[in-house]
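The block underneath contains the structure these notes are about, expressed in structure tokens.
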Amino acid sequence: MVESATGCATRDDPLMKYFALKMLFGDVAKFYGILLGLTFASLLISQQSAIFVGLMSRTVGFIRDTGQADLWIIDPDKLYVDDQKPLRDTEVDRVRSVTGVAWAVPLFKGLLSAKLPSGERETCDVIGIDDATLIGGPPKVLEGSVADLRNPDAIMIDNASRGRKLALPAGLAPGDVMLDFDPNDPAAKRRPMGLGDVLELNERRAVVVGIVETTPTFQSQPVIYTTYARAKQYAPANRRTASLVLVKALSGVEPKELAKRIEAETGLLAFTPDDFSWRTISYWVSQTGIPINFGIAIGLGFLVGVAIAGQMFYNFTLDNLKYFGAMKAMGASTRRLLVMVALQAFVAAVLGLGIGLGITCMFGLSVPGNRLAFRMLWHIPVMTAGAVTIICVGSALLSMIRVVRLDPAEVFKT
Amino acid sequence: MSPAAGTRDDDVAIRLTDVTKTFGKGDSAVPALRGATLEARYGESTFLVGPSGCGKTTLISIVAGLLHRDGGAMSVLGTDLGSLSRGQLTRWRSENVGFIFQAFNLIPQLTVAENVSVPLVIRGVRRREALRKAAAILDAVGLGGRERSRPNKLSGGQQQRVAIARSLVHDPRILVCDEPTSALDASVGWKVMQQIAAVSQHPDRAVLVVTHDERIFPFAHRIAHMDDGRIKRVDQQSHQPLHAGAGAPEDPFR
Ligand SMILES: Nc1ncnc2c1ncn2[C@@H]1O[C@H](COP(=O)(O)OP(=O)(O)O)[C@@H](O)[C@H]1O
Ligand SMILES: [Mg+2]
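Going down the list, the protein sequences come from chains A and B. Residue numbering for the first sequence follows this note's numbering, starting at 1 and increasing by one per position. Residue numbering for the second sequence follows this note's numbering, starting at 415 and increasing by one per position.
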């Protein structure tokens, strides 16, 4: 009651707030230090998080690319999409016989070594789709058509790799082989692999009949689409089996219900695309060092924020204590001074966060999607804002304690 | 400046009787005031002088409502400050007291005029009005035209004049100055004191100046000599003290 009457004539106190901001912006060295710290922390936290999310979503890119299936059927030991836990071909028929299944097709997916016409070797992610239906094919075909996979030795390659890992010597005509190519010669000119080019998979011919677009894989290997039967021939003898079975539910059949039935009748695991994605991501999160590495980078960003911005904000308040003390003596209530400190912290937080997130987004927009894994979810700015809030609220509270404890009688002490 | 809201039965603005103040407790207790008795009148400058540590700052802090006394009786502008709550005291200070500090305590990021306007802003005066009053009083202390300067662009003497303007901009009825000249060269100090005397003189205002700078004594109406937490004696100046209205005062350091 009394406090509200303490020389606080205007309720929202615009001039004291104006003075607070002028004090903040006017202390150029400290202001830019605080801003730099908060910007750097926001940048590091949000950018590392976005790359982490980008990488994690790459591990499930294939699941998203293969959109036709309602359910993914895998061996119970299979932990993630590329885990090599093959299924026997008879399992496909068992799945097919479960009530409610519209169709069930086998899919081969595995890393195989390809020999390029230049003599170079490249590990490729080979996907073999059902010969009869061609279900499980690429999300987008740029040149040729999926039906061309029915041609002898036909494969389709992904667009991002044709000019990079699959690039060929510039002078090489389609179908030719170059025996004296030196891949380490920096002057060697290259051209993108294209239709008609021939490579070898497990000593068997593979002719490029199409160019497709896929989500980049985790390790950015080239992606090769072919038929299921041909993929088994390209694979080494011990891996000539299905990797998984894609299932479509009859219309009106709830996929989750169907999944339970398939699991009960076959002893395999059945997942919706979302659940299979989560199983894959959980594997990467729990079984690899990737989250720890990103966690360290993100934690470092937070510590930088605390060490630079938090500490500098506190010092800024310490510098101002004598002025706050003078204002207290002159009749400003503690509450009004605390509002000044809170406003200073808030404005610094908003500016630092905004610039940091802005730089992260510009970074994300400027790097082409297939070059660097980068994926912005709404959770990331929220989390970054949370971290910046903790830094600023923490240092503001410490600063406020000093302002509360400030004895106005100290103004006469020099 | 309206007449006092409280009782003002005479021309005494500040009356202290046997005021005591001790800092700390037990073995580390420091008695700063051991029964100080003092009267300060409206329209007068009362100087508090005495050796370092004798309790001068403590005494003016109590008078200005920054510290509570431990014992004795006190009336400032007719009010017993000991009876006010913390919030009431804060408000009382904002309305009644002007401060001049040894270290000027001007906020470097604000302009001169904004610094001067702080006591008005604290009282909730609007910006335009506050800046207008600030400009007027800056003019009075000879700093007209410097409203938009930054304090650290000014000399020490000019900065203290800004502080003088700030201490008086809200027309306080008490002005307390703690060692206002001790951070300044002798000659500058003289001019600053001259300035304080010139602009603070008002029949409804009591001025308290703590100093150990004997050279500025000519500006006092009364000089209260303090020692060991007590007022030993009060000398009334035989002559009219110096101020701007009393003819051109002489600067002995010129
Ligand atoms: N906040 C405090 N805590 C403890 N002792 C204090 C405090 N303020 C002043 N004192 C002591 O009280 C005595 C009087 O101090 P002060 O009023 O500042 O003297 P002066 O202003 O005359 O130099 C000194 O001994 C000083 O050390
Ligand atoms: Mg002192």
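All residues carry an ideal CB built from backbone N, CA and C; glycine is no exception. Quick caveat: nothing in here was measured; it's all calculated off a predicted structure.
- In this structure, Thr384(A) lies near Ile45(A), with their beta-carbon atoms less than 7 Å apart.
- In terms of beta-carbon proximity, Phe363(A) stays away from the interface with chain B, with every pair separated by 7 Å or more.
- Taking a 10 Å sphere around the C-beta of Thr431(B), we find fewer than 16 other C-beta atoms and assign the residue as exposed.
- The residues Ala170, in chain order, have a CB closer than 6 Å to that of Lys189(A) in the same chain once the five nearest residues on each side in sequence are set aside.
- Taking C-alpha positions only, Ala270(A) is separated from Lys260(A) by approximately 7 Å.
- If the five residues before and after Thr451(B) are omitted, its C-beta is found closer than 7 Å to the C-beta atoms of Leu430, Thr431, Asp432 and Ile645, all from its own chain and listed in chain order.
- For Gln650(B), the enclosing beta strand (DSSP E) stretches over residues Arg644 to Gln650.
- Only residues of its own chain outside the window of five on either side were considered, and among them Leu269 and Ala270 have a CB closer than 8 Å to the CB of Glu263(A), listed in chain order.
- C-alpha of Ala309(A) to C-alpha of Asp649(B): approximately 56 Å in a straight line.
- Note on geometry: alpha-carbon atoms of Arg205(A) and Ala154(A) lie some 9 Å from one another.
- In chain order, Phe412 make up the part of chain A whose C-beta sits under 8 Å from the C-beta of Asp592(B).
- Residues of chain A with a Cβ closer than 7 Å to the Cβ of Ile521(B) are, in chain order, Met23 and Tyr323.
- Selection Gly136(A), Thr59(A) and Pro192(A) evaluated against Leu246(A) yields Gly136(A) as nearest (Cα-Cα).
- Not one heavy atom of ligand 2 sits closer than 6 Å to the Cβ of Lys435(B).
- Counting only residues of its own chain and dropping the five nearest sequence neighbours on each side, Gly438(B) has a CB closer than 6 Å to the CB of Val444.
- Taking 7 Å as the threshold, the shortest C-beta distance from Leu589(B) to chain A does not fall below it.
- With a cut-off of 6 Å, the C-beta of Thr625(B) is classified as distant from ligand 2, since no heavy atom of the ligand falls inside that distance.
- Listed in chain order, the beta strand (DSSP E) runs fully inside the segment 269 to 298 of chain A are 269 to 271, counting runs of at least 3 residues.
- Identification of chain A residues near Val535(B) by a Cβ-Cβ cut-off of 8 Å yields Leu15, Met16 and Phe19, ordered along the chain.
- Per DSSP, reduced to three states, the secondary structure at Pro186(A) is coil, with no helix or strand assignment.
- The segment 335 to 350 of chain A and the segment 488 to 498 of chain B do not touch, with fewer than 3 CB-CB distances between them shorter than 8 Å.
- In this structure Tyr225(A) is in contact with Pro138(A), their Cβ atoms being roughly 5 Å apart against a cut-off of 8 Å.
- Remark: C-beta atoms of Leu337(A) and Phe324(A) approach each other more closely than 7 Å.
- Across the structure, Gly163(A) and Ile211(A) are spaced so that their CA atoms are roughly 12 Å apart.
- Neighbourhood of ligand 1, defined by CB distance below 5 Å to any of its heavy atoms: Phe437(B), Val444(B), Ala446(B), Ser466(B), Gly467(B), Cys468(B), Gly469(B), Lys470(B), Thr471(B) and Thr472(B), in chain order.
- Note on Val382(A): under 16 other CB atoms within 10 angstroms of its CB, so exposed under the neighbour-count rule.
- Here DSSP, grouped into helix, strand and coil, assigns Val623(B) to strand.
- Residue contact check for Gly33(A) against chain B: no CB pair falls below 7 Å.
- Gln219(A) has its alpha-carbon roughly 15 Å from the corresponding atom of Gly289(A).
- The beta strand (DSSP E) runs lying completely inside the segment 6 to 80 of chain A and spanning 3 residues or more are 71 to 74, given in chain order.
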